[in-house]
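A.B. asks: Just passing along the structure, written as structure tokens.
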Amino acid sequence: MAQQVQGVIARAKGAPVTIETIIVPDPGPGEAVVKVQACGVCHTDLHYREGGINDEFPFLLGHEAAGVVESVGEGVTEVAPGDYVILNWRAVCGQCRACLRGRPQYCFNTHNAKQKMTLTDGTELSPALGIGAFAEKTLVAAGQCTKVDPSASPAAAGLLGCGVMAGLGAAINTGEVGRGDSVAVIGCGGVGNAAVVGARLAGAAKIIAVDIDDKKLETARSLGATHTVNSRSTDAVEAVRELTGGFGADVVIDAVGRPETYEQAFYARDLAGTVVLVGVPTPEMRLDLPLLDVFGRGGSLKSSWYGDCLPSRDFPMLIDLYLQGRLDLDAFVTETIALADVEKAFERMHQGDVLRSVVVF
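For what it's worth, this note's numbering labels the leading residue of the sequence shown as 1, then goes sequentially.
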């Protein structure tokens, strides 16, 4: 039987979000209904509200979530009612050319629930990243549920569903940071600081955090950065080179996603080094680099999609590290808030003093 719950809705571009009653249908084949326990407020949700993703309003926002499976549809074997799960937006298909080549982390045919959640008047909702977890319950594809140890705090665990995984994975999976490497991270918001943590977990010897905000740099140092550079007052490329013997870092991660920060990353890396773009550009942005420099400096220029993660592999492993005290996910939870405070959390994003506000149900 369909259920009525409260959720955060973005009805129009730039308009403040509203709390409204939504209809969650019973799960169909391959689907699951999840009772959400916590959901982080990610910048991607703000992008949806601002029309920066697409114009398929109204949106049911929220996607960095953890909760408990309430019911499943026909044919679901991955999870069962009562399972504690982190929601992900990469439900791999197992059949596309990437999956068949043994690279499911690049699945080109990820899927969501086939049924739509609606408003009470029947208006269909577009769930953010196919999840829509700023709601007491949500309908997702069963493959979007990754079972993890239930001992983990929902507020912390849910952050692996997007931003923290993106940053950690940019360092560990995409950048392939190794023991003794030097790493520079440009942009120290939630994703960038997660990249700092990922570089530390991978055994990097030198981790250089770059930002224009001293408060963010202080946070980066507390999470494992060995050096910090305020690029508002210091040339970031020259500073990174100076800290790496004049050569540049082995891996440079751009967690901002602007042409100027990508250019910094490109020139701040060592010869044959790696640049990882994990910050998301906007459609109008363009990049102008001398092609001879691209050739002459060698190495790798990579983009990191969701930290190139495979949720079924990475989420349980990272939760284990969290429970062992080796991965401080709690440090990313700046505040816990109520569902009605999401709009205020968007405003706080612009102040630069939060890694994550987390809605706790």
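All C-beta atoms in this analysis are idealised placements derived from N, C-alpha and C, irrespective of residue type, glycine included. Everything numeric in this text was worked out from a predicted model, so none of it was measured.
#1: Starting from Glu428, trace the alpha helix (DSSP H) in both directions and tell me its first and last residue.
#2: May I ask you to list the residues that DSSP assigns as paired with Leu301?
#3: By Cβ distance, which residues of its chain are closer than 7 Å to Cys107, with the 5 residues on each side in sequence left out?
#4: So what's Ser126 in DSSP terms, helix, strand or just coil?
#5: Using the beta-carbon count (16 or more within 10 Å), is Asp214 buried or exposed?
#6: Could you round the C-beta distance between Glu70 and Lys35 to whole angstroms and report it? I think they count as a contact, below 8 Å.
#7: Give the secondary structure of Glu78 by DSSP, where H, G and I count as helix, E and B as strand, and everything else as coil.
#8: Excluding five sequence neighbours on each side, which residues of the same chain lie with their C-beta closer than 7 Å to the C-beta of Ala141?
#9: Using CA atoms only, rank isn't needed, just tell me which of Glu260, Leu339, Gly296 and Asn88 is closest to Arg232.
#10: Would you tell me roughly how many angstroms separate the C-alpha atoms of Met317 and Leu310, rounded to the nearest one?
#11: When you compare the CB positions of Ala194 and Val240, do they come within less than 9 Å of one another, or not?
#12: Have a look at Asp353, Phe57, Arg313 and Gly298 and flag the residue whose alpha-carbon is nearest the alpha-carbon of Phe332.
#13: With DSSP collapsed to three states, give me the class of Ile131.
#14: Identify, in the order they occur along the chain, each residue of the same chain with its Cβ nearer than 6 Å to the Cβ of Phe266, setting aside the five sequence neighbours on each side.
#15: Identify the continuous beta strand (DSSP E) that holds Ala70 and give its terminal residues.
#16: Can you tell me which of Gln6, Leu327 and Ala268 puts its alpha carbon nearest to the alpha carbon of Gly299?
#17: Asp235 and Lys206 - do their beta-carbons sit closer together than 9 Å?
#18: Inspect the CB distances between the region 170–181 and the region 240–253 and report whether three or more fall short of 8 Å.
#19: What's the gap between the Cα of Trp305 and the Cα of Ser151?
#20: One question on the structure: do Ile186 and Asp149 come within less than 9 Å of each other, judged by their Cβ atoms?
#21: For Leu26, which residues in the same chain have their Cβ closer than 8 Å to its Cβ, ignoring the five residues on either side in sequence?
#22: Grouping DSSP H, G and I as helix and E and B as strand, with all else coil, what is Ala10?
#23: Per DSSP, Leu39 is paired with what?
#24: When you compare each of Gln6, Pro16 and Thr18 to Val24 by their alpha carbons, which one comes out closest?
#25: Is the beta carbon of Ala166 closer than 9 Å to that of Pro196?
#26: Can you look up Leu207 in the DSSP assignment and give me helix, strand or coil?
#27: Let's see if you can read the secondary structure: which residues bound the beta strand (DSSP E) around Thr336?
#28: Alpha carbon to alpha carbon, how far is Leu61 from Asn54? Give it in angstroms, no decimals.
#29: Smallest Cα separation from Glu143: which of Leu329, Asp308, Ala204 and Ile131?
#30: With DSSP collapsed to three states, give me the class of Glu20.
#31: Could you give the distance in angstroms between the alpha-carbon of His47 and the alpha-carbon of Thr228?
C.D. replies: On the basis of the supplied data:
#1: In the structure as shown, the chain begins at 1 and stops at 361. Residue 428 is therefore absent and cannot be evaluated.
#2: In the DSSP assignment, Leu301 forms a beta bridge with Val275.
#3: Arg90, Val92, Cys93, Cys96, Ala98 and Cys99
#4: Ser126: strand per DSSP, three-state reduction.
#5: With fewer than 16 other Cβ atoms within 10 Å, it is exposed.
#6: 5 Å
#7: Residue state, collapsed to three classes: coil.
#8: Gly30, Glu31, Ala91, His111, Asn112 and Ala113
#9: Glu260
#10: 11 Å
#11: no
#12: Asp353
#13: coil
#14: The residues are Val275.
#15: According to the sequence provided, residue 70 is Glu. The question's Ala does not apply to it. Run containing Glu70: Glu64 to Val72, per the beta strand (DSSP E) assignment.
#16: Considering only alpha carbons, the answer is Ala268.
#17: No, they are not a contact pair.
#18: These segments touch.
#19: 28 Å
#20: no
#21: Here residue 26 turns out to be Asp, not Leu, going by the sequence shown. These residues qualify, in order along the chain: Met1, Ala2, Val33, Ser71 and Gly73.
#22: strand
#23: Strictly speaking, residue 39 in this sequence is Cys, with Leu absent from that position. According to DSSP, Cys39 bridges with Ala65 and Val359.
#24: Gln6
#25: A quick correction: the sequence has Val, not Pro, at residue 196. The answer is no: Cβ separation not under 9 Å.
#26: The question names Leu, yet the displayed sequence has Ile at residue 207. In the structure shown, Ile207 sits in a strand (DSSP, three-state: E or B).
#27: Boundaries of the beta strand (DSSP E) around Thr336: Glu335 to Ile337.
#28: 13 Å
#29: It should be pointed out that residue 143 corresponds to Gly in this sequence rather than to Glu. Taking only the C-alpha atoms, the option nearest Gly143 is Ile131.
#30: Of the three classes helix, strand and coil, the one that applies to Glu20 here is strand, per DSSP.
#31: Looking at the backbone, the Cα of His47 and that of Thr228 are separated by about 29 Å.
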